[in-house]
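Line by line, the protein sequences give chains R and C. Under the numbering used here, the first sequence has 103 at position 94, and the numbering climbs by one with no breaks. Under the numbering used here, the second sequence has 344 at position 335, and the numbering climbs by one with no breaks. A virtual CB, placed ideally from N, CA and C, is assigned to each residue, including glycine. One structure is given below, encoded as structure tokens.
Number of protein chains: 2
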Amino acid sequence: MSTATLIIDLDAICANWRALDGQTACETAAVIKADAYGLGVAKVGPALAAAGARQFFVAVAEEGVILRRALGPGPTINVFSGHMAGDADMIREGNLTPMINSVDQLLAHVESLPGHAFGLQLDTGMNRLGMEPSEWAALRDIALAQRPTLIMSHLACADDPSHPMNAAQLKNFADMTEGVEVPRSLAATGGILLAPDYHFDMTRPGVGLYGGLPFLDATPVVSLDVPVIQIRDVAPGESVGYANAFVARNPTRVATVSAGYADGLIRAMGAKATMTHEGRKLPVIGRVSMDLITVDITALKGTPEHLQLLGLHQSVDTVAGFAGTIGYEILTSLGARYDRVYLTA
Amino acid sequence: MSTATLIIDLDAICANWRALDGQTACETAAVIKADAYGLGVAKVGPALAAAGARQFFVAVAEEGVILRRALGPGPTINVFSGHMAGDADMIREGNLTPMINSVDQLLAHVESLPGHAFGLQLDTGMNRLGMEPSEWAALRDIALAQRPTLIMSHLACADDPSHPMNAAQLKNFADMTEGVEVPRSLAATGGILLAPDYHFDMTRPGVGLYGGLPFLDATPVVSLDVPVIQIRDVAPGESVGYANAFVARNPTRVATVSAGYADGLIRAMGAKATMTHEGRKLPVIGRVSMDLITVDITALKGTPEHLQLLGLHQSVDTVAGFAGTIGYEILTSLGARYDRVYLTA
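Written out as structure tokens, the structure reads:
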């Protein structure tokens, strides 16, 4: 077998959900868009439902339909992109709750699915999704008369507790929803960690469930072990990989392992990355190629059968640092070729 | 519907295969590893077989088994990673031809599957996969007695015709295979374009089939149209997206479109990218987020329903340039959420 093994600890995901739930006095939803941040919604969804989550969030209606199949009836499935043209059948059949982003979406929703549940997304300054303050001021009474299930907004800078944008968005959200009796939600993982003011009636953790920053105390969720295909000794002056990107200065023992950027191991990490063997860090050398990575294992005594990229010794965020990106992208890029093993007690 | 539409032109892939086949006098295989470079092996494999390809290459045995289901019996399916521990059942049942990379692999293969077809991969200087010259010298007679179907190696610098590594690897390959009567293969897309000396008995184009460099004259294969969720007017001084990464200097019309790095639109492209509408380039602003991208559409008169990232106006390699990577990674990163439409006459 030459595909890598991605181990996903469902109990760790549930432990992270409980830990974040324990930081607030309100309801805690679970964001499992993008196939549960790359980890598999068909496994992660039911695990979180069993742990007690009753509210889920996905990005688009298509994801909601897939999640409904996994969850069965009961839990609420909210859709961040709202009600787009062509979504009505999916929203009805999947019993999805679109987060309405604009007047146009509200009209489309009440016309095509009168009486069907919906929430409202307000823009409090991020300018990405949600109704503008002026739009909301004009629409508020009409929209509230349709009995939305939730009013939400999203923070642009919650990963940085010192950013003044957080307080500005909090004030905007409080102002825009003053006197409203509908349940309110502002905080994702970062917002949960900011302060209780940000929690309102429901939080929506995503990345923290999967072990990523800014939830520093998350239980690690994923490990990735990559099989070694071949080991060779490279003499000084010899090159390794595409474009001769590595040239050996000393006698070097090189392992070629079976994963590459087609498996989501972002090419930009290149020679800034390390892999590990029994906790020992080993430098990646040369370029990350489509299906293969070469690693300097001179420091090892034996001949390893696997090297590890993600796990207890290198977190998702450590690996993100190699590639100059964020843990979120490492997770959602994890590829389809892995042998996925789900752990649960 | 709020997922993006990825249109894959199967006829263009076949046209590219024929065009590369027409540049040589030898057999032309097709490399369809990594799910046919992200485009879907279940569609691309049969299309290329119908176009005349009889030899296919995948990265790992698991991919070979999937491809065999798509192709049925007949075409040869070669596996670059060779014969790894645990592969024997897949190799036998899928009738796969492993490219043996080492003495260890050769022993494992002839012990577990005596008489089963295999090829040999030689290292001619890339130091990634394949037998070293010394290993090969010791093993050559024994290996040849087992009647391999192919002897191959891979070029490290073929995308750069001026690189001296090309001639060095060509000489090594010719030296290592002198007097051998087994069919030989050295060139992938880049090698095909270098010179006839590099063609030997079989070429193995990959990226060129899918419209990527270094095959400059490839027919474009993919286009990606992303639906607009919402359009808003942003006033000077307002920010857009995570970390307030964009701040408007002038009144700006902003479209939020429904795709992000979870769909393989690499986060590193950030504000260096453009999308297009009817050929007009429109700057991405702010950060690429997991499911959403924001675009400055101030230059447009109307309200577009979709913006295009990939297509006639922006090639795979142009988009790769936004992210500081290569077209190969753009292709293999294309995500699972797209509505995939296959074109064929």
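{"Item": "Classification of residue 19 of chain C by the beta-carbon crowding that lies within 10 angstroms, buried from 16 upward", "Value": "buried"}
{"Item": "Between the CA atoms of residue 164 of chain R and residue 314 of chain C - distance to the nearest angstrom", "Value": "26 Å"}
{"Item": "First and last residue of the uninterrupted beta strand (DSSP E) at residue 107 of chain R", "Value": "105 to 109"}
{"Item": "Alpha helix (DSSP H) segment containing residue 182 of chain C, residue limits", "Value": "173 to 185"}
{"Item": "Contacts of residue 346 of chain R in chain C (Cβ-Cβ under 9 Å)", "Value": "43, 44, 68, 69, 71, 72"}
{"Item": "Contact check, residue 200 of chain C vs residue 212 of chain C, beta carbons under 8 Å", "Value": "yes"}
{"Item": "Cβ-based contacts, 8 Å cut-off: residues of the stretch 78 to 93 of chain C near chain R", "Value": "89, 90, 91, 93"}
{"Item": "Nearest to residue 198 of chain C (by Cα), restricted to the options C/254, C/25, C/17, C/13", "Value": "C/25"}
{"Item": "Bridge partner(s) assigned by DSSP for residue 351 of chain R", "Value": "R/17"}
{"Item": "For residue 184 of chain R and residue 277 of chain R, the rounded distance between their alpha carbons", "Value": "43 Å"}
{"Item": "Nonlocal neighbours in the same chain, by C-beta distance under 8 Å from residue 101 of chain C, ignoring five residues either side", "Value": "122, 125"}
{"Item": "Distance between residue 159 of chain R and residue 36 of chain R (C-alpha atoms, nearest Å)", "Value": "12 Å"}
{"Item": "Sequence-distant residues of the same chain with beta carbon closer than 6 Å to residue 236 of chain R, five excluded per side", "Value": "11, 267, 315"}
{"Item": "In DSSP terms, what residue 239 of chain C is bridged to", "Value": "C/265"}
{"Item": "Alpha carbon of residue 220 of chain R to alpha carbon of residue 39 of chain R, nearest angstrom", "Value": "13 Å"}
{"Item": "Residue 339 of chain R versus R/350, R/323, R/106, residue with shortest Cα-Cα distance", "Value": "R/323"}
{"Item": "Reduced DSSP category for residue 193 of chain R - H, G, I as helix; E, B as strand; rest coil", "Value": "strand"}
{"Item": "CB-CB length for residue 138 of chain C against residue 239 of chain R, believed under 8 Å", "Value": "6 Å"}
{"Item": "Pick from R/246, R/34, R/116, R/326 that is closest to residue 222 of chain R, judged by C-alpha positions", "Value": "R/326"}
{"Item": "Segments assigned alpha helix (DSSP H), at least 4 residues, entirely inside the stretch 38 to 122 of chain R", "Value": "42 to 46, 50 to 60, 70 to 80, 97 to 102, 112 to 121"}
{"Item": "Between the CA atoms of residue 256 of chain C and residue 244 of chain C - distance to the nearest angstrom", "Value": "9 Å"}
{"Item": "Distance, residue 251 of chain R Cα to residue 174 of chain C Cα", "Value": "10 Å"}
{"Item": "Beta-bridge partners of residue 128 of chain R, as assigned by DSSP", "Value": "R/108"}
{"Item": "Sub-8 Å separation of residue 272 of chain C and residue 344 of chain C beta-carbons", "Value": "yes"}
{"Item": "The stretch 291 to 321 of chain C: positions lying closer than 8 Å to chain R by Cβ", "Value": "295, 298, 299, 300, 301, 303, 314"}
{"Item": "Candidates R/275, R/246, R/284, of which the one nearest residue 264 of chain R by Cα", "Value": "R/284"}
{"Item": "Whole-number beta carbon distance between residue 144 of chain R and residue 112 of chain R, since they are thought to touch under 8 Å", "Value": "6 Å"}
{"Item": "Neighbourhood of residue 331 of chain C by C-beta distance below 6 Å, restricted to the same chain and skipping five residues each side", "Value": "278, 281, 282"}
{"Item": "Proximal residues of chain C, C-beta to C-beta of residue 5 of chain R below 7 Å", "Value": "Given that chain R is displayed from residue 10 to residue 354, the structure contains no residue 5 of chain R and the question cannot be resolved."}
{"Item": "Nearest-angstrom Cα separation, counted from residue 233 of chain C out to residue 248 of chain C", "Value": "27 Å"}
{"Item": "Segment limits, beta strand (DSSP E) that includes residue 149 of chain R", "Value": "Where residue 149 of chain R is concerned, there is no enclosing beta strand (DSSP E), although the alpha helix (DSSP H) it sits in stretches over 142 to 154."}
{"Item": "Best match in R/288, R/188, R/205, R/65 for proximity to residue 82 of chain R [C-alpha to C-alpha]", "Value": "R/65"}
{"Item": "Residue 59 of chain C classed as buried or exposed, judged by whether at least 16 other C-beta atoms fall within 10 angstroms", "Value": "exposed"}
{"Item": "Closest by C-alpha distance to residue 217 of chain R, when choosing among R/52, R/253, R/22", "Value": "R/22"}
{"Item": "First through last residue of the beta strand (DSSP E) which encompasses residue 225 of chain R", "Value": "It is not in any beta strand (DSSP E) - residue 225 of chain R carries neither H nor E in the DSSP assignment."}
{"Item": "Contacting positions in the stretch 254 to 283 of chain R - beta carbon closer than 7 Å to chain C", "Value": "263, 265, 267, 270, 271, 276, 277"}
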